[in-house]
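Structure record follows, encoded as structure tokens.
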Ligand code: UDP
Ligand code: MG
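In my numbering, the protein residues as written are 10 to 148.
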């Protein structure tokens with residue numbers, strides 16, 4: 010059965026003009042886009058989205074970065090979408106990301122790493138609802 014996950018093309022990749030290349034890469038890997046928008050998150054929104062990391066030393070920097078420019082949240086559908094998309098994006102730190110992954114190709118650093126992917130089906134549902142109403146997703 011098809012599963013959904015949330016991707017976010019982060020401000021570094023949008024500013025670098027590589028969002029189109031990243032979207033093409035995702036589609037070629039067999040993911041179907043069922044929702045997509047361009048948004049500029051406020052610091053409050055970015056802080057809420059990453060609230061699970063509130064106590065981490067990089068939280069302030071992460072919130073500043075994620076609200077520094079427009080991002081592209083995308084809802085993706087595929088069998089095993091959550092785990093398969095984590096494989097497609099690669100490790101958090103591009104220095105540790107496998108060849109052929111999105112972060113290996115497009116990320117600049119562990120912080121500015123081009124793309125987000127949900128880490129569990131439960132978090133995917135919460136993260137999708139953070140950006141999208143059900144009426145904004147195609148069937
Ligand atoms: N991050 C960071 N420094 C770190 C770890 C994470 O700046 O040491 C940032 C990075 O942008 C990462 C995000 O915080 O993508 C969320 O961290 P997480 O550990 O959830 O990594 P992810 O799930 O994105 O691979
Ligand atoms: Mg994570």
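We put the beta carbon where it would ideally sit given N, CA and C, even for glycine.
Query, Result
"Beta-carbon spacing of residue 18, residue 98 below 8 Å", "no"
"Assigned secondary structure, residue 87 (DSSP; H/G/I helix, E/B strand, else coil)", "strand"
"Span of the alpha helix (DSSP H), counted from its first residue to its last, around residue 34", "28 to 37"
"Residue 128 beta carbon near ligand 2 (any heavy atom closer than 7 Å)", "yes"
"Rounded distance between the beta-carbons of residue 39 and residue 87, thought under 8 Å", "6 Å"
"Beta strand (DSSP E) segment containing residue 43, residue limits", "41 to 45"
"Residue 101, DSSP secondary structure in three states", "coil"
"Check whether residue 32 and residue 85 have beta carbons under 8 Å apart", "no"
"Coil, strand or helix - residue 134 by DSSP", "helix"
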